[in-house]
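In the numbering used here, the protein residues as written are 95 to 923.
Heads up, the beta-carbon is just placed ideally off N, CA and C, and yes, glycines get one too.
These notes are about the structure you will find just below.
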């Protein structure tokens, strides 16, 4: 027999079938309660447990290693790639592919399987499920070079899959059988608001229909139940899950009518030696597809096996999450005697509270677009309504309200405010320590802002040090440099820091100096402060080559300039791609080629697009009144003017913008750091949007303003952001962190509440007047040009390690599996 030897005879032999999130939590809980237990885990996958809640992060830069749930416990015998195949209950043996395992206690944590509707063609090439990292790797490989994907399922998992397709660069559509999105959590009105948010991101939504067949071909054709047809390159089935109970069925254990291994309140099955936890377990015939009930079951089963007594407290299906940048929350019941509703279509906010017949007791609710009130409301379910309904339903209804001690801060791990404040009182005085002590924030991470809030409310002073060399935050350093008129890093660190600096503080200082003085980033000492991209004014690629992105203001370009870009790409054999910001990306340039490429571009009238820097990237535009019959303002002219005004502005993080000529929003302005949408009376200004791993919708800041007022507001917004934001903090997170949020920002830059508007206006004028193209500055300076060499001792020799093959008529890196190379000058041997 296989197993873990060396323990005493009295040690319990515990076999766990499954190493998912709940299986891993069970082993941790049992090890904590009974360190002598001999635990063997039979894992179907070839990799240790990872965070399935954050799967979409895999498409936004997170690696499989990043998603791993810590290192496996060396005291647990983890058998990867060894799925349990059969249970011999009489002999208490589990048989796997590579061995047999005796047990005193067997724990089924087999999870669930994705539901694929039984339709023709569901197994055709190009059809995928969205469940494991292997699924995602296959999806990513297949998606390369393709343009469009359809997700079957508009619930939580389906919308996560749609986000993954966006991150892969595909256009996405969602098909949902129910009349609205997220039918398990939302009502029709909430689903409609969510749909509006999602369609603004460019995702097509089809509700009230189902995919009836998948027809293979050069592209897939999807027949829908309402007689429609969709054409796509790939399909992702994310239409729910089914408990994996086949192992239990074959062993003769009790299963529910709708599937799942039947368990009692102690999570024990019909066989006293076998337990079941997580999505495969059915408590009173009901399975739960959320991680929080699974974790609760894991603790109950661990307590029982360790000799104690515990009872599953029931599943709280309350949920708070952020989907495609939209806050969504539901708690308690969705229907009751009385309902109070709030809808703000302009802000995309919906709230519904379910009340007792006398309106005194809160029974449940739904929040979409703004879930700040969720902790307060969730804690009040079953008790008195915690305030005036009008206040609770309004936007920012949770702002300023004290959370009760019973308020659940972390839904995934069932951590209350009392637990957090107790940990703070015990000396766990930063977010990292709180995570380790309480587990709050360790699963989906959405509660981390609440952890920070509780730390602040407890009077714990949070360290703001930028790094070990500066005890100041970025904003404090900015003020020091501004007030004392410091112009070099040497002067800054000598007077206000220690040591010689590092790769954290040097680029920050370089950005601050550039923001305030607008000198060339490669001038004298500043050159040594830059990170890899700024060091060569180009984006480093995975093979050690660089990309070239000339500025195309507002996406407007002449045929003559297009021809120049084409000729440069052809002559230097560069991979050419249109970017999402209406520019052209030329990839595969060696360091030594960059000046030659840019000489031709600058001579043709191009400037640096700053794709490599923490600066303004693009101002995207639609064609507006120039061409579009729906346009109400000249969006192209405004976009060009704004991009030329703010080009080269160095900032804490990249800045993207958009200008749409009408409410149809073709420039996707509400997904940008600042976005402008034309109205019949002027312009609406939206602030604080972004894409990426955590997309955010920009929020309405000002309505129907004229162009002069609009530009003045954007000037102040950008300069206040540059002055006060933290390192690598996008505008969305910065606004959220401001005390008072968007309302406070409005007080600062509209009402001049703190008296800085004149300073902000003057700072922007200095930037505009002193702007100079960075690449033109390099080409005119032999000293700067000398740095662009692959080998410092052989500047004329190209780097032989950069090699390409041809795909679809273009050069691509020869190897895409090797580690990313640092494209810095080396010594040639």
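* **Under 9 Å between C-beta atoms of residue 231 and residue 252** => Start at 1 with the first residue of the chain shown, and residue 231 comes out as number 137. Start at 1 with the first residue of the chain shown, and residue 252 comes out as number 158. Not a contact, by the Cβ cut-off of 9 Å.
* Segment limits, beta strand (DSSP E) that includes residue 831 -> Working through the chain shown from its first residue, we reach residue 831 at position 737. Taken as a continuous stretch (DSSP letters only), residue 831 belongs to no beta strand (DSSP E), being part of the alpha helix (DSSP H) at 825 to 831.
* Identify the continuous beta strand (DSSP E) that holds residue 337 and give its terminal residues. => Sequence index remark: in the chain shown, residue 337 carries index 243 (1-based). Taken as a continuous stretch (DSSP letters only), the beta strand (DSSP E) holding residue 337 covers 335 to 337.
* Asked: Looking only at its own chain, which residues have a Cβ that is under 7 Å from the Cβ of residue 769, when we skip the five neighbours before and after it?
  -> In the chain shown, counting from the first residue as 1, residue 769 sits at position 675. The answer, listed in chain order, is 751, 752, 763, 780, 783 and 792.
* To do: Report yes if the CB atom of residue 121 is closer than 9 Å to the CB atom of residue 195, and no otherwise.
  => To locate residue 121, count along the chain shown from 1; it is residue 27. To locate residue 195, count along the chain shown from 1; it is residue 101. No.
* **Unbroken alpha helix (DSSP H) run spanning residue 398, endpoints** => Within the chain shown, numbered from 1, the residue matching residue 398 stands at position 304. Counting along the chain, the alpha helix (DSSP H) containing residue 398 begins and ends at 385 to 399.
* To do: Evaluate residue 264 with the Cβ neighbour count: other Cβ atoms within 10 Å of its Cβ, from every protein chain shown; 16 or more gives buried, anything less gives exposed.
  => Indexing the chain shown from 1 puts residue 264 at position 170. When all chains shown are included, residue 264 counts as buried.
* Using the C-alpha atoms, what's the distance from residue 560 back to residue 568? -> In the chain shown, counting from the first residue as 1, residue 568 sits at position 474. In the chain shown, counting from the first residue as 1, residue 560 sits at position 466. Whole-angstrom Cα-Cα distance: 6 Å.
* Asked: Does the beta-carbon of residue 905 have 16 or more other beta-carbons within 10 angstroms, so that it is buried, or is it exposed?
  -> Counted from its first residue, the chain shown places residue 905 at position 811. Its Cβ being crowded by 16 or more others within 10 Å, residue 905 is buried.
* To do: Note down, in chain order, each residue of its chain lying with its Cβ closer than 6 Å to the Cβ of residue 535, except the 5 sequence neighbours on either side.
  => Locating residue 535 in the chain shown gives position 441, where the first residue counts as 1. Cβ neighbours of residue 535 beyond the five flanking positions: 529, 541, 542 and 545.
* Asked: Does DSSP put residue 601 in a helix, a strand or coil?
  -> As a working mapping, residue 601 is identified with position 507 in the chain shown. Here residue 601 sits in helix by DSSP.
* Where does residue 494 land, buried or exposed, given buried means 16+ other C-beta within 10 angstroms? -> In the chain shown, counting from the first residue as 1, residue 494 sits at position 400. Residue placement at residue 494 is poorly supported in this model, since its pLDDT is 48, which falls under 50; the coordinates still yield a value, given next. The residue in question, residue 494, is exposed, as its Cβ has fewer than 16 Cβ neighbours within 10 Å.
* **Own chain residues within Cβ distance below 8 Å of residue 573, not counting five before or after** => Within the chain shown, numbered from 1, the residue matching residue 573 stands at position 479. 817.
* Asked: Tell me, which residues are paired with residue 436 by DSSP?
  -> For the purposes of this step, residue 436 is taken as residue 342 along the chain shown, with counting starting at 1. Answer is 445.
* Does the Cβ-Cβ distance between residue 486 and residue 501 come in under 9 Å? -> Position 392 of the chain shown, counting from 1, holds the residue named residue 486. Position 407 of the chain shown, counting from 1, holds the residue named residue 501. One thing to note: residue 486 has its Cβ no nearer than 9 Å to the Cβ of residue 501.
* Residue(s) in a DSSP beta bridge with residue 455 -> On the chain shown, position 361 is the one that residue 455 refers to. Looking at the DSSP assignment, residue 455 forms a beta bridge with 478.
* Residue range of the unbroken beta strand (DSSP E) whose run includes residue 748 -> Here residue 748 refers to the residue found at position 654 of the chain shown. Boundaries for residue 748: no beta strand (DSSP E) harbours it, and the DSSP string shows neither H nor E there.
* Could you name the residues of the same chain whose beta carbon sits closer than 7 Å to that of residue 255, not counting the 5 residues immediately before and after it, in chain order? => Here residue 255 refers to the residue found at position 161 of the chain shown. Answer for residue 255: 224, 245, 330 and 332, listed in chain order.
* Asked: So what does residue 267 bridge to, in DSSP terms?
  -> On the chain shown, position 173 is the one that residue 267 refers to. Paired residues: 244 and 298.
* Asked: For residue 904, which residues does DSSP report across the bridge?
  -> Start at 1 with the first residue of the chain shown, and residue 904 comes out as number 810. Beta-bridge pairing links residue 904 to 901.
* **Outcome for residue 604 when other beta-carbon atoms lying within 10 angstroms are tallied against a minimum of 16** => In the chain shown, counting from the first residue as 1, residue 604 sits at position 510. When all chains shown are included, residue 604 counts as buried.
* Measure the alpha-carbon distance for residue 322 versus residue 314 and round it to whole angstroms. => Your numbering for residue 322 matches position 228 in the chain shown. Your numbering for residue 314 matches position 220 in the chain shown. Approximately 14 Å, taken between the alpha carbons.
* Looking at the unbroken alpha helix (DSSP H) that takes in residue 208, where does it start and where does it end? -> The count along the chain shown starts at 1 and reaches residue 208 at position 114. Premise fails: residue 208 lies in the beta strand (DSSP E), 206 to 208, not in any alpha helix (DSSP H).
* Would you list, in sequence order, the uninterrupted beta strand (DSSP E) runs of no fewer than 3 residues that lie entirely inside the segment 666 to 739? => The qualifying runs are 669 to 672, 678 to 683 and 710 to 715.
* To do: Write down the C-beta distance between residue 114 and residue 203 rounded to the nearest angstrom, noting that I regard them as a contact closer than 8 Å.
  => Start at 1 with the first residue of the chain shown, and residue 114 comes out as number 20. Start at 1 with the first residue of the chain shown, and residue 203 comes out as number 109. Between residue 203 and residue 114 the Cβ distance is about 6 Å, and since that is below 8 Å, they are a contact.
* To do: List the DSSP bridge partners of residue 416.
  => One-based indexing of the chain shown puts residue 416 at position 322. DSSP, once it has assigned bridges, lists 421 as partnering residue 416.
* Residue burial classification, residue 640 (beta-carbon count within 10 angstroms, cutoff 16) -> Working through the chain shown from its first residue, we reach residue 640 at position 546. By the 10 Å Cβ count, residue 640 comes out buried.
* Asked: residue 292 by DSSP, collapsed to three states: which one?
  -> Here residue 292 corresponds to residue number 198 of the chain shown, with the count starting at 1. Residue 292: helix per DSSP, three-state reduction.
* **Residues bridged to residue 189 [DSSP beta-bridge criterion]** => As a working note, residue 189 is residue 95 in the chain shown. According to DSSP, which records beta bridges pairwise, residue 189 is partnered with 180 and 194.
* **Length of the line joining the Cα atoms of residue 68 and residue 637** => Past the boundaries of the shown model lies residue 68; the chain is included only from 95 to 923, so the question cannot be answered.
* Asked: In whole angstroms, what is the alpha-carbon distance linking residue 175 and residue 632?
  -> Sequence index remark: in the chain shown, residue 175 carries index 81 (1-based). Sequence index remark: in the chain shown, residue 632 carries index 538 (1-based). Each residue's alpha carbon lies about 43 Å from the other.
* Cβ-based burial, residue 678 [other Cβ within 10 Å; buried from 16] -> The residue you call residue 678 lines up with position 584 of the chain shown. That one is buried.
* Would you please verify whether the beta carbon of residue 613 is less than 9 Å from any beta carbon of chain D? => Considering every chain present, this structure includes no chain D. It has just one protein chain.
* Please name the residue or residues paired with residue 221 in a DSSP beta bridge. => Taking the first residue of the chain shown as position 1, residue 221 is located at position 127. BP columns for residue 221 point to 329.
* To do: Compute the Euclidean distance between the alpha carbons of residue 340 and residue 286, then round it to the nearest angstrom.
  => Along the chain shown, read from residue 1 onward, the residue named residue 340 stands at position 246. Along the chain shown, read from residue 1 onward, the residue named residue 286 stands at position 192. Between residue 340 and residue 286, the C-alpha separation is close to 38 Å.
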